[in-house]
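A short write-up of the structure that comes next.
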Amino acid sequence: MALSKFGFIVTGAGFEPAGQRVVLSTDVFEMIAVGVPAAADAVAVARQLASEGVQLLELCGGFGPVWTAKVIEAVGPGLPVGAVGYGPESIDAMYALFKA
(Lines of atoms letter the chains of each structure in order from A and count residues from 1; the text may use other names and numbers.)
(Lines give C-alpha, C1' and ligand atoms only; values in the text may rest on other atoms or scores of the structure.)
Protein backbone atom coordinates (compact mmCIF):
# COMPACT_ATOMS: atom_id res chain seq x y z
CA MET A 1 0.00 0.00 0.00
CA ALA A 2 1.38 3.40 -0.97
CA LEU A 3 1.26 6.41 1.31
CA SER A 4 -1.70 8.49 0.18
CA LYS A 5 -2.77 10.39 3.32
CA PHE A 6 -0.26 12.16 5.57
CA GLY A 7 -0.87 14.31 8.64
CA PHE A 8 1.31 16.98 10.23
CA ILE A 9 0.61 18.84 13.48
CA VAL A 10 2.42 22.04 14.41
CA THR A 11 2.18 24.25 17.50
CA GLY A 12 1.99 28.00 17.19
CA ALA A 13 0.59 31.02 18.96
CA GLY A 14 -2.91 32.06 17.97
CA PHE A 15 -4.21 28.78 16.58
CA GLU A 16 -7.60 27.49 17.78
CA PRO A 17 -7.41 24.67 20.37
CA ALA A 18 -9.45 22.42 18.07
CA GLY A 19 -6.89 23.09 15.32
CA GLN A 20 -6.77 25.06 12.11
CA ARG A 21 -6.32 23.03 8.92
CA VAL A 22 -4.65 23.35 5.57
CA VAL A 23 -5.03 20.56 3.03
CA LEU A 24 -2.70 20.01 0.08
CA SER A 25 -3.76 17.32 -2.34
CA THR A 26 -3.30 15.72 -5.71
CA ASP A 27 -5.25 12.91 -7.36
CA VAL A 28 -3.23 10.35 -5.38
CA PHE A 29 -1.92 12.11 -2.25
CA GLU A 30 -3.31 14.29 0.52
CA MET A 31 -1.45 16.13 3.27
CA ILE A 32 -3.40 17.60 6.15
CA ALA A 33 -1.50 20.15 8.24
CA VAL A 34 -3.12 21.23 11.50
CA GLY A 35 -1.97 24.05 13.76
CA VAL A 36 -2.72 23.97 17.50
CA PRO A 37 -1.76 26.51 20.19
CA ALA A 38 -0.25 23.97 22.61
CA ALA A 39 1.08 20.43 22.51
CA ALA A 40 -1.76 19.23 24.77
CA ASP A 41 -4.28 20.16 22.05
CA ALA A 42 -2.63 17.76 19.61
CA VAL A 43 -3.96 14.63 21.31
CA ALA A 44 -7.55 15.23 20.18
CA VAL A 45 -6.40 16.41 16.75
CA ALA A 46 -4.28 13.28 16.31
CA ARG A 47 -7.24 11.06 17.20
CA GLN A 48 -9.37 12.93 14.66
CA LEU A 49 -6.74 12.56 11.93
CA ALA A 50 -6.47 8.84 12.72
CA SER A 51 -10.24 8.46 12.38
CA GLU A 52 -10.03 10.18 8.98
CA GLY A 53 -7.61 7.55 7.70
CA VAL A 54 -4.26 9.32 7.96
CA GLN A 55 -1.59 6.66 7.37
CA LEU A 56 1.39 8.53 8.82
CA LEU A 57 1.49 11.36 11.35
CA GLU A 58 4.36 13.75 12.00
CA LEU A 59 4.69 16.26 14.82
CA CYS A 60 6.69 19.48 14.78
CA GLY A 61 9.83 19.70 16.90
CA GLY A 62 8.05 21.68 19.60
CA PHE A 63 6.29 18.59 20.96
CA GLY A 64 9.32 17.01 22.56
CA PRO A 65 9.42 13.42 23.78
CA VAL A 66 6.67 13.68 26.42
CA TRP A 67 3.91 14.99 24.15
CA THR A 68 5.07 12.82 21.26
CA ALA A 69 4.62 9.80 23.54
CA LYS A 70 1.15 11.01 24.57
CA VAL A 71 0.11 11.34 20.92
CA ILE A 72 1.48 7.87 20.14
CA GLU A 73 -0.50 6.45 23.07
CA ALA A 74 -3.66 8.29 21.94
CA VAL A 75 -3.65 6.98 18.38
CA GLY A 76 -2.48 3.46 19.16
CA PRO A 77 0.12 1.22 17.56
CA GLY A 78 -1.46 1.07 14.08
CA LEU A 79 -0.52 4.63 13.10
CA PRO A 80 3.17 5.50 12.80
CA VAL A 81 3.97 8.79 14.56
CA GLY A 82 7.23 10.66 14.08
CA ALA A 83 8.59 13.90 15.47
CA VAL A 84 10.80 16.45 13.77
CA GLY A 85 14.19 16.83 15.39
CA TYR A 86 17.03 19.27 14.91
CA GLY A 87 20.66 18.28 14.85
CA PRO A 88 23.59 20.05 16.50
CA GLU A 89 24.17 22.12 13.37
CA SER A 90 20.89 23.93 14.12
CA ILE A 91 21.41 24.72 17.81
CA ASP A 92 22.67 28.29 17.36
CA ALA A 93 19.95 29.21 14.89
CA MET A 94 17.24 27.64 17.08
CA TYR A 95 18.54 29.55 20.11
CA ALA A 96 18.46 32.83 18.16
CA LEU A 97 14.91 32.12 17.01
CA PHE A 98 13.44 31.28 20.42
CA LYS A 99 15.43 33.34 22.94
CA ALA A 100 13.39 35.81 24.95
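Every position in the sequence shown, counted from 1, becomes a number in the working numbering once 28 is added. Positions of the beta carbon are idealized from the N, C-alpha and C atoms, including for glycine.
- Three or more beta-carbon pairs separated by less than 8 Å are not found between the region 112-122 and the region 59-78, which leaves the two stretches without contact.
- Judged by DSSP secondary structure, Ala111 falls within the beta strand (DSSP E) whose first and last residues are Val109 to Ala111.
- DSSP places Met29 in the coil class of the three-state scheme, outside both helix and strand.
- Apart from the 5 residues on each side of it in sequence, Ser32 sits with its Cβ closer than 8 Å to the Cβ of Val56, Phe57, Glu58 and Gln83 in its chain, given in chain order.
- Shown here for Gly110: same chain residues with a beta carbon closer than 6 Å to its own, the five before and five after excluded, namely Glu86 in chain order.
- Rounded to the nearest whole angstrom, the CA to CA distance from Val51 to Ile60 is 5 Å.
- In the same chain as Ala46, and ignoring 5 residues on each side of it, no C-beta atom comes closer than 6 Å to its own.
- When the alpha-carbon of Val99 is set against those of Tyr114, Thr54, Phe126 and Gln76, the nearest one is in Gln76.
- Close CB contacts of Val64 within its chain, under the 7 Å cut and outside five residues either way in sequence, are with Ile37, Thr39, Phe43, Pro45, Gly47, Ala70 and Val73 (chain order).
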